[in-house]
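Residue numbers (the working numbering): 40 to 255.
Below: one structure, written as structure tokens.
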């Protein structure tokens, strides 16, 4: 999993990376840090891949505002599972949260920033861990990112989980999945992962790997 830092000053960018590295090493956590001074094509590609991430976003960037990056993550990339943390020297907390961008928290660079950053990263990682995998049974876990769709089995308490490579059957209500992840509800019996959807017709949905499901 990645931690993506978007901070427009070299000194602050370096400081954030060093503090997060300290947390990762101390807690033996396997995360990769990607840092950016401003928005570019490489960052765009990271935003639009299917991996869940933690973002540390500076609101005051030079050519592309932090708010624009948050909107791209949530609205353009349709990523509502990654965590966004805002950092700024200005008090923009209420303004940012009110825009419904799913921001975890706001960090003021003027108020014990380094310690708050470390505490926030640990909290964000603890929040994300349950979202990374779904336990099918004691011998099997699957990545949430690999799921194409979840379909309720008719007249049953089970659901079918269709991934890019396999199909699983699990005793859980569809509502539980709906409340846990931001999959799109197409029918009362069907949730889909739009990241893997290629085409939606009136009678079927086509996913990657030529996977498809007919709509009832």
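Ideal Cβ placement from N, Cα and C applies to all residues, glycine included.
Sort the options by Cα distance to residue i and report the nearest one.
i	options	result
residue 252	206, 65, 153, 48	206
residue 149	51, 248, 250	51
residue 177	105, 151, 209	209
residue 154	53, 58, 42	58
residue 188	73, 163, 174, 217	217
residue 160	49, 64, 48, 244	64
residue 41	98, 163, 48	163
residue 78	105, 89, 71	105
residue 250	240, 201, 233	201
residue 88	116, 243, 196	116
residue 82	255, 103, 157	103
residue 62	227, 129, 80, 156	156
residue 196	119, 180, 215, 182	215
residue 204	221, 184, 222, 198	184
residue 232	90, 69, 48, 212	90
residue 191	240, 237, 225	225
residue 173	166, 167, 182	182
residue 68	152, 145, 47, 167	167
residue 242	254, 234, 236	254
residue 236	247, 228, 118	247
residue 141	152, 129, 98, 118	118
residue 99	129, 114, 213	129
residue 186	70, 143, 223, 60	223
Give the range of the beta strand (DSSP E) segment to which residue i is assigned.
i	result
residue 107	That residue, residue 107, is in no beta strand (DSSP E); its alpha helix (DSSP H) goes 105-110.
residue 180	179-182
residue 172	172-176
residue 190	186-191
residue 145	142-147
residue 45	41-45
Output yes or no for whether 8 Å exceeds the beta carbon distance between residue i and residue j.
i	j	result
residue 112	residue 94	yes
residue 56	residue 44	yes
residue 32	residue 124	Nothing can be reported for residue 32: it is not among the residues displayed for the chain, which extend from 40 to 255.
residue 127	residue 92	no
residue 73	residue 85	yes
residue 211	residue 198	yes
Residue range of the alpha helix (DSSP H) that residue i falls in?
i	result
residue 124	No alpha helix (DSSP H) holds residue 124; the beta strand (DSSP E) holding it covers 122-127.
residue 66	Residue 66 -> no alpha helix (DSSP H), and no H or E assigned at all.
residue 77	Looking at the DSSP string, residue 77 is not in any alpha helix (DSSP H), and its letter there is neither H nor E.
Tell me, which residues are paired with residue i by DSSP?
i	result
residue 243	253
residue 99	For residue 99, which the question treats as bridged, DSSP gives no partner whatsoever.
residue 62	None, per the DSSP bridge assignment.
residue 225	Bridge partners of residue 225: none, in fact.
residue 199	190, 208
residue 92	41
residue 231	188, 223
DSSP state of residue i, grouped into three classes?
i	result
residue 206	strand
residue 238	strand
residue 214	helix
residue 73	strand
residue 163	helix
residue 151	coil
residue 139	coil
Please determine whether the Cβ atom of residue i lies at a distance below 7 Å from any heavy atom of the ligand ATP.
i	result
residue 112	As presented, the structure is devoid of all ligands, the ligand ATP included, so that no description of it is given.
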